[in-house]
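Chemist: Below is one structure. I have some questions about it.
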Amino acid sequence: MNWHFAAHESQLSGKSAIELRHLESLLGEPMILVSGDDVRCISNVCTHRGMLLVDGSCSRSTLQCPYHGRTFGLDGTMKSMPEFDLTEDFPSAQDNLRTFPSISWKGLIFTGLEPSGLKACLKEMEARIGWMPIEKFEYDHSRNRYYEIRANWALYVDNYLEGFHIPFVHNDLNNALDYDDYRTEIFDGGVLQIGIASDGETIFEIPEESPDFGLKVAAYYYWIYPGLMLNFYPWGLSVNLVIPLSVDRTRIEYYGFVWDKKFLGKGAGGDLDKVEEEDQFVVESTQRGVSSGTYERGRYSPSKEIGVHHFHQMLSS
Ligand code: FES
Ligand SMILES: [Fe+2]
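Residue 114 is where the sequence shown starts when you use this note's numbering, and the numbers rise one by one after that.
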């Protein structure tokens with residue numbers, strides 16, 4: 114079982130609970146992220162008759178079920194319930210909301226049902242981009258995007274995992290990046306791609322302690338198995354979630370967190386809508402292509418498709 118992205122802490126700003134609908138789509142489990150004495154992921158399902166507690170978000174200090182009024186603390190403990198005075202052995206531990214495991218790394222919160230792994234990914238990110246103040250990035254809901262595409266989720270991931278297609282598919286992005294210097298690294302549980310900027314393009318100010326000090330980095334593209342993409346640009350972070358809906362339908366969600374406004378609209382992360390549209394065009398066409406009776410499989414480019422190969426090995430292991 115995998116860890117999944119739940120939210121960035123800034124999404125909780127001014128709220129005591131937010132619904133994590135994407136996790137319901139991914140895991141079949143209605144969950145909320147709550148901020149009380151601590152931040153935790155708990156069930157959004159009332160322990161009485163199963164009503165959902167939070168619709169969207171809430172900012173109260175308790176969670177009250179809209180069906181018959183059962184009330185829970187923000188830690189998930191049942192506090193009160195009308196008309197249950199005569200009920201024996203009530204309440205018991207089963208009347209509390211279930212808490213799911215969670216990990217918080219620099220403001221990014223991950224959860225899952227019975228998740229394992231992720232440590233290697235976080236270690237890799239800590240060493241590489243631990244210098245960025247990710248916990249201070251601010252949620253900007255105007256950057257949210259929701260798409261439904263007609264393709265299998267793995268084709269969307271394949272496309273993400275190589276820069277090989279950039280000169281063919283993305284005109285503007287290709288101008289912002291130095292194709293020959295594009296880098297791909299694989300690690301346990303994921304892939305990192307580093308976009309090196311063309312001359313004069315927007316880049317990170319990388320501190321000396323970073324292994325990339327001196328490089329003109331325009332973007333760090335992290336993919337974590339199976340469907341999480343963390344795209345770091347000088348302006349901040351774009352989180353992309355890949356949510357399978359059926360064998361040939363996939364939902365893509367974008368969430369944006371701003372670090373430095375002055376870089377918005379600039380460089381490799383400047384026009385994500387255009388890049389996304391260009392990618393979706395090839396991914397949907399590829400879905401039709403691979404459905405052909407004559408297509409079986411293609412070989413991998415050793416210089417440009419190590420990320421795709423790594424993903425396919427993970428899929429088949
Ligand atoms: S379902 Fe929640 S109080 Fe009845
Ligand atoms: Fe692309």
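Think of the CB as a built atom: it goes at the ideal place given N, C-alpha and C, for glycine as much as any other residue.
#1: Could you tell me the distance, in whole angstroms, from the CA atom of D293 to the CA atom of A310?
#2: Quickly, what does DSSP pair S359 with across the bridge? List them, please.
#3: Specify the secondary structure class of T200 as computed by DSSP and reduced to three states.
#4: Can you determine whether any heavy atom of ligand 2 sits closer than 6 angstroms to the C-beta of D392, and answer yes or no?
#5: Comparing C-alpha positions only, which one of L428, M114, E239, Y252 sits nearest to E322?
#6: Is the beta carbon of R211 sitting closer than 7 angstroms to the one on S156?
#7: Going by alpha carbons, who is nearest to D373 out of L231, I247, T175?
#8: Report all residues from its chain with a CB closer than 8 angstroms to the CB of G276; omit the five preceding and five following residues, and keep chain order.
#9: Quick one: is Q400 buried, meaning 16 or more other Cβ sit within 10 Å of its Cβ, or exposed?
#10: Within the same chain, show all residues whose beta-carbon is closer than 8 angstroms to that of L187, passing over the 5 residues directly before and after it, in chain order.
#11: Which word fits N288, buried or exposed, when buried means at least 16 other C-beta atoms lie within 10 angstroms of its C-beta?
#12: For ligand 1, is there a heavy atom less than 6 angstroms away from the beta-carbon of C171?
#13: Pull the bridge partners of I262 from the DSSP assignment, please.
#14: Under the three-state reduction of DSSP, which class applies to I419: helix, strand or coil?
#15: For P320 versus W244, is the C-beta distance shorter than 7 angstroms?
#16: On the CB-based measure, 16 or more other CB atoms within 10 Å of its CB, does H121 come out buried or exposed?
#17: Between K232 and W218, what straight-line distance do the alpha-carbon atoms span, to the nearest angstrom?
#18: Between the Cα of L286 and the Cα atoms of E318, G380, S351, which residue gives the shortest distance?
#19: Cβ-heavy atom distance between Y295 and ligand 1 below 6 angstroms?
#20: Considering only heavy atoms of ligand 1, does any lie closer than 6 angstroms to the CB of R211?
#21: Check whether the Cβ of M191 sits closer than 6 angstroms to any heavy atom of ligand 1, and report yes or no.
#22: Does DSSP classify L144 as helix, strand or coil?
#23: If we call anything under 7 angstroms between Cβ atoms a contact, is I222 one with A119?
#24: From C178 to Y252, what does the alpha carbon distance come to, in whole angstroms?
#25: Using alpha carbons as the reference points, say which of E142, V152, S172 lies closest to C159.
Modeler: Let me spell this out:
#1: 11 angstroms
#2: R362
#3: coil
#4: yes
#5: E239
#6: yes
#7: I247
#8: L290, Y292, Y295, T297, Q306, G308, K417
#9: buried
#10: S129, A130, V147, S148, G149, D150, S174, T175, L176
#11: exposed
#12: no
#13: T363
#14: helix
#15: yes
#16: buried
#17: 10 angstroms
#18: G380
#19: no
#20: no
#21: no
#22: Here residue 144 is Met; the residue named in the question, Leu, does not match the sequence. Three-state DSSP puts M144 in a strand.
#23: yes
#24: 28 angstroms
#25: E142
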